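> I'd like to ask you about the structure that follows.
There are 2 protein chains.
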Amino acid sequence: MNEQILLAERPKGMPTKDTFKYEKIEMPTAKEGEVLVQTLYLSVDPYMRGRMNDTKSYVPPFELNAPLAGGIVARVMESKSDRFKEGDIVTGMLPWKRYSAAEAKNLQKVDPELAPITTAIGVLGMPGLTAYFGLLEIGQPKEGETVVVSGAAGAVGSVVGQIAKIKGARVVGIAGSEDKIAYLKDELGFDEVINYKKGNVKEALKEACPNGVDVYFENVGGEISDAVVSLLNKFARIPLCGQISLYNLEKQDVGPRVQTPLLINSALMKGFIVADYADKFPEGIKQLGEWVQQGKIKYSENVVEGFENVPEAFLGLFEGANLGKQLVKVAE
Amino acid sequence: MNEQILLAERPKGMPTKDTFKYEKIEMPTAKEGEVLVQTLYLSVDPYMRGRMNDTKSYVPPFELNAPLAGGIVARVMESKSDRFKEGDIVTGMLPWKRYSAAEAKNLQKVDPELAPITTAIGVLGMPGLTAYFGLLEIGQPKEGETVVVSGAAGAVGSVVGQIAKIKGARVVGIAGSEDKIAYLKDELGFDEVINYKKGNVKEALKEACPNGVDVYFENVGGEISDAVVSLLNKFARIPLCGQISLYNLEKQDVGPRVQTPLLINSALMKGFIVADYADKFPEGIKQLGEWVQQGKIKYSENVVEGFENVPEAFLGLFEGANLGKQLVKVAE
């Protein structure tokens, strides 16, 4: 038998277990041009919260009473395409099911010899590429500049900080636990990391950024964002990647408008999604792969076991539970 | 005798006549390398309000009990420099005085044969160049796109809209009187102009921009800005030029944060001042001059007569009194 996870209701504010519904379904069969795959690892990501709302965003909303979907690493069980053969490891955007029939053209092959297969939905996949293009195309850090990254211990933020270090910048992270701070400073080489749950973030940032802020890689939004924006240098750049602090907000996000600080500093703020850079993905994956092999980029994965624990893993993202990439292991 | 206008006190909120002080002073004398000039036309600009505060901005604050300063067109009365001779018309950043001694290297010569000399502080000067570089370098309007400009009847906004038309965009202005609207539509060829003082700006904008907003040239800030931001298209660009609605605000500027709409639309917002493009000024002046000569860019000047009326002309900027460039004629 097969199993899937549906969007049972559109959450108001923070999702709960009632947001999701498990359902037993029949095993799929692969048609011509398709492959039958078994889900091995499933990615849960903050941006999925946006798709649970019935509002315009950069990806269409999830449908009610239909399976959720996201980045998945899977094994080909049966192939009706000449692109793949049984036993191949593949990745793609797939529904939250134990088994799926998927069009072969929407899947990419994963080489288990190059790196652990989980990296295809982590440091060498969407989160790594998000860090790579957002920081290098928009942030453009230069040697000696100060780069601040919020959500610093997450799948994207941890890679952002390390790329900024490779480019010779001083890197200041913002994270929410002492464990994360120790990891970012001791393992990943961040210059300073601020615990936003302790004391005055603005004061701590001022102290950690004596020369102001040249690049702010924005993952969280809200008051943390306000604090960083107050320290911008002339010609600062702000890649807008996420706003996790707001995704479960029920009221409008109101705060000091950023126009004045951007104007005073000739600063740039730009939203993006990784798909904006799709034509450069091969370049990004190659460079990230080299840095990982050279040990210049380290990554951490937080693996929850069991398809039944997908909702829990997803909800943990909003409690700051994950150090690095949050994955669910569905099968060996 | 000479006369100057000093900053008598730093205004809280809207400046008043008490912000300024007239003073009779001695006639200056030109030293070696300097010229003695007589002020003919004096420019008053919204950005000057920022310099009246004692806070960091893109230009240093005016000093208390020292003369204010700005763009001026003047006649050389005596030259101790080989760059200029008596009778030359020059422009530069000069103090608000009837007569000044100024270093010749800080002045540019104005050719009265090419265009009226007032254009040196208008359409062919700082306001025109601000429109040119902000729109073309940051806004980058493409044929068929929708460009919205606020402060549309001002010295900058009116040029922005006309350049956008030259580039083949659909242009929607926002202005504050029926006279301005008629001028922008009938004389300058704007496609639509919204009166922000009448009815619901957001609804009016929605109607005027059925295909959304690709470029928003931002001169005013506040709720008008919020309304435009709610209509952004994917990959929209927002050159941040001014925030005139806020310059006299005594409390913090609070409103819906723009991060989410920018993120959802992969949109860009960038502050700038015209000096950021100083190395390209000759190109800008040449192109603007050609467009003016070809009749593709028209301009309007609002001239107040008399050095004694400078404060009144400045204060009028915040009441929307000016159609086009606000000048003060100090001498023939």
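As given, the protein sequences belong to chains H and P, one line each in that order. To convert, take the position in the first sequence, counting from 1, and add 197; that gives this note's numbering. To convert, take the position in the second sequence, counting from 1, and add 197; that gives this note's numbering. Positions of the beta carbon are idealized from the N, C-alpha and C atoms, including for glycine. Predicted model, so just to flag it, every value in this text is computed and none were measured.
Looking at the secondary structure, which residues open and close the beta strand (DSSP E) in which P/Thr343 lies?
Thr343 to Ser347 is the extent of the beta strand (DSSP E) around P/Thr343.
> Enumerate in chain order the residues of its own chain whose CB-to-CB distance from H/Asp423 is below 7 Å, with the five nearest sequence positions on each side excluded.
Answer for H/Asp423: Gly452 and Pro453, listed in chain order.
> Using DSSP's beta-bridge definition, name the partner residues of H/Arg272.
DSSP lists H/Gln235 and H/Ile286 as partners of H/Arg272.
> Can you list the residues of chain P that H/Tyr255 reaches, using a CB-CB cut of under 9 Å?
Simply Lys431, Leu460, Ile461, Asn462 and Ser463.
> So which residues of chain H does P/Glu340 contact, with C-beta pairs closer than 7 Å?
Going along chain H, no residue has its Cβ under 7 Å from P/Glu340, so there is no contact; the nearest lies around 22 Å.
> Check the DSSP bridge columns for P/Lys467 and list the partner residues they point to.
P/Lys467 pairs with H/Leu465 and P/Pro436.
> Would you verify that the beta carbon of P/Asn415 is, or is not, closer than 8 Å to some beta carbon of chain H?
It is Glu, not Asn, that sits at residue 415 of chain P in the sequence shown. Yes, P/Glu415 counts as interfacial toward chain H.
> Against chain P, does H/Ile286 count as a neighbour if the rule is that its beta carbon must be under 8 Å from one of theirs?
Output row for H/Ile286: interface = no.
> Taking CB distances under 8 Å as the criterion, tell me whether H/Gly348 reaches chain P.
No, H/Gly348 does not count as interfacial toward chain P.
> Using the beta-carbon count (16 or more within 10 Å), is H/Asp215 buried or exposed?
Classification for H/Asp215: exposed.
> Report yes or no: do the region 486-495 of chain H and the region 452-470 of chain H share at least 3 C-beta pairs separated by less than 8 Å?
Because the criterion of three Cβ pairs below 8 Å is not met, the region 486-495 of chain H and the region 452-470 of chain H do not touch.
> Under 8 Å between C-beta atoms, does H/Pro407 make it to chain P?
With 8 Å as the cut-off, H/Pro407 does not count as an interface residue toward chain P.
> Go ahead and pull the three-state DSSP assignment for P/Arg295.
The answer is coil: DSSP assigns P/Arg295 none of H, G, I, E or B.
> Below 8 Å CB to CB, which residues in the same chain sit around H/Gly267 once its five sequence neighbours on both sides are set aside?
The answer, listed in chain order, is Leu239, Ser240, Val241, Asp242, Met245, Met290, Leu291 and Trp293.
> Would H/Tyr393 and H/Gly373 be called neighbours here (beta carbons separated by less than 8 Å)?
Against a cut-off of 8 Å, the Cβ pair of H/Gly373 and H/Tyr393 comes out as a contact.
> Where do the N-terminal and C-terminal ends of the alpha helix (DSSP H) with P/Val356 fall, by residue?
Residues Gly354 to Ile363.
> What residues match up with H/Pro453 in a beta bridge as DSSP calls it?
Its beta-bridge partners are P/Val451.
> For H/Leu402, go through chain P and note every residue whose CB falls closer than 8 Å to its CB, in chain order.
Near H/Leu402 there are no residues of chain P at all, since even the closest Cβ is about 17 Å away, more than 8 Å.
> In chain P, what lies closer than 7 Å to H/Ile470 by C-beta?
Per Cβ cutoff of 7 Å: Ser463.
> Touch check for the region 501-509 of chain P and the region 467-481 of chain P: three-plus C-beta pairs under 8 Å?
At 8 Å Cβ cutoff, the stretches do not touch.
> In whole angstroms, what is the alpha-carbon distance linking P/Leu437 and H/Leu311?
Rounded to the nearest angstrom, the two C-alpha atoms are 46 Å apart.
> Where does H/Asp251 sit, in a helix, a strand or coil, going by DSSP?
Coil.
> Got a sec: which bits of the region 364-392 of chain H sit with their beta carbon under 8 Å from any beta carbon on chain P, in order along the chain?
Answer in chain order: no residues at all.
> Does the beta-carbon of P/Leu385 have 16 or more other beta-carbons within 10 angstroms, so that it is buried, or is it exposed?
Result: buried.
> What in chain P is Cβ-close to H/Val451, meaning under 9 Å?
Those are Val451, Gly452, Pro453 and Arg454, listed as they occur along chain P.
> Can you tell which of P/Asn445, P/Glu487, P/Val426 and P/Ile441 has the C-alpha that lies nearest to the C-alpha of P/Met466?
The shortest Cα separation from P/Met466 among P/Asn445, P/Glu487, P/Val426 and P/Ile441 belongs to P/Val426.
> Decide if P/Thr343 is buried, meaning its Cβ has at least 16 other Cβ atoms within 10 Å, or exposed.
Burial call: buried.
> Note down the Cα distance separating H/Gly284 from H/Glu223, rounded to an integer number of angstroms.
Cα to Cα, H/Gly284 sits roughly 22 Å from H/Glu223.
> Is there contact here, the region 405-417 of chain P with the region 312-326 of chain P, by at least three beta-carbon pairs under 8 Å?
With the cut-off at 8 Å, the region 405-417 of chain P and the region 312-326 of chain P do not touch.
> Helix, strand or coil for H/Ser240? Go by DSSP, reduced to three states.
DSSP places H/Ser240 in strand when its eight states are reduced to three.
> Would you say P/Gly418 reaches chain H, if we count a Cβ-Cβ gap shorter than 8 Å as a contact?
P/Gly418 counts as touching chain H.
> Mind reading off the beta-carbon distance from H/Asp388 to H/Val369? Whole number of angstroms is fine, and I expect it under 8 Å.
Indeed, because the Cβ distance is near 6 Å, the residues count as touching under 8 Å.
> Please tell me whether H/Val273 and H/Leu237 are closer than 8 Å, where the distance is taken between their beta carbons.
Cβ atoms of H/Val273 and H/Leu237: not closer than 8 Å.
> Please name the residue, chosen from H/Leu428, H/Ile470 and H/Leu203, that lies closest to H/Arg295 on a Cα-to-Cα basis.
That would be H/Leu203, whose Cα lies nearest to the Cα of H/Arg295.
> Below 8 Å between beta carbons is the criterion; list the residues of the region 307-341 of chain P that meet it against any residue of chain H, in chain order.
Answer in chain order: no residues at all.
> For P/Ser297, would you say it is in contact with chain H, using Cβ-to-Cβ distances shorter than 8 Å as the test?
No, P/Ser297 does not count as interfacial toward chain H.
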